[in-house]
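Peer 1: Using numbering that gives the first Met the number 0, the letters of the sequence shown correspond one by one to residues 0 to 85. Heads up, the beta-carbon is just placed ideally off N, CA and C, and yes, glycines get one too.
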Amino acid sequence: MGEDDFRRLEYLVAELDARGLLARVVRTPSGRAYVRVINPDATSLTENVVCQAADYWWSWGERMHRADDPAGAATKVARVLAAVSE
Numbered sequence: 000m001g002e003d004d005f006r007r008l009e010y011l012v013a014e015l016d017a018r019g020l021l022a023r024v025v026r027t028p029s030g031r032a033y034v035r036v037i038n039p040d041a042t043s044l045t046e047n048v049v050c051q052a053a054d055y056w057w058s059w060g061e062r063m064h065r066a067d068d069p070a071g072a073a074t075k076v077a078r079v080l081a082a083v084s085e
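(1) Enumerate, from N- to C-terminal direction, the unbroken beta strand (DSSP E) stretches of 3 or more residues contained entirely within the stretch 41-78.
(2) Can you grab the Cα-Cα spacing for the pair Asp3 / Val79, in whole Å?
(3) Specify, as a first and last residue, the run of the beta strand (DSSP E) that Ala82 falls within.
(4) Which whole-angstrom value is the C-beta distance of Ala82 and Asp40, which I expect to be below 8 Å?
(5) Exposed or buried, which one is Arg7 when buried takes at least 16 other CB atoms within 10 Å?
(6) Given this structure, state the Cα-to-Cα distance separating Leu120 from Gly30, to the nearest angstrom.
Given below as structure tokens:
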């Protein structure tokens, strides 16, 4: 993982925090990093987002959004993690 990807993850965390989600960058022992996201109103709703090749990716390996638009990516994550009553 390059520093650019790590920085993009940090930008995503800031956008997710602004939307009321709990998010942090996690770095694995192998050096890979991802954003762990939790909906604080429904803690079973979680997602791990990675950044690779200038894109954000869902945990299941599907491209989610381009990494130069963390606000757009955060909107998608917030929509997926929204509780039914929200």
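Peer 2: Taking the definition as stated:
(1) 45-51, 54-56 and 62-65
(2) For the purposes of this step, residue 3 is taken as the residue at position 4 of the sequence shown. For the purposes of this step, residue 79 is taken as the residue at position 80 of the sequence shown. Approximately 25 Å, taken between the alpha carbons.
(3) What you label residue 82 is simply residue 83 of the sequence shown in a count that begins at 1. Neither: Ala82 is in no beta strand (DSSP E) and is coded neither H nor E.
(4) The residue given as residue 82 occupies position 83 in the sequence shown. The residue given as residue 40 occupies position 41 in the sequence shown. At roughly 5 Å, the Cβ-Cβ gap stays under 8 Å, so Ala82 and Asp40 are in contact.
(5) Residue numbering aside, residue 7 sits at position 8 when the sequence shown is read from its first letter. Label assigned to Arg7: buried.
(6) With the chain covering 0 to 85 only, the question about residue 120 has no answer from this structure.
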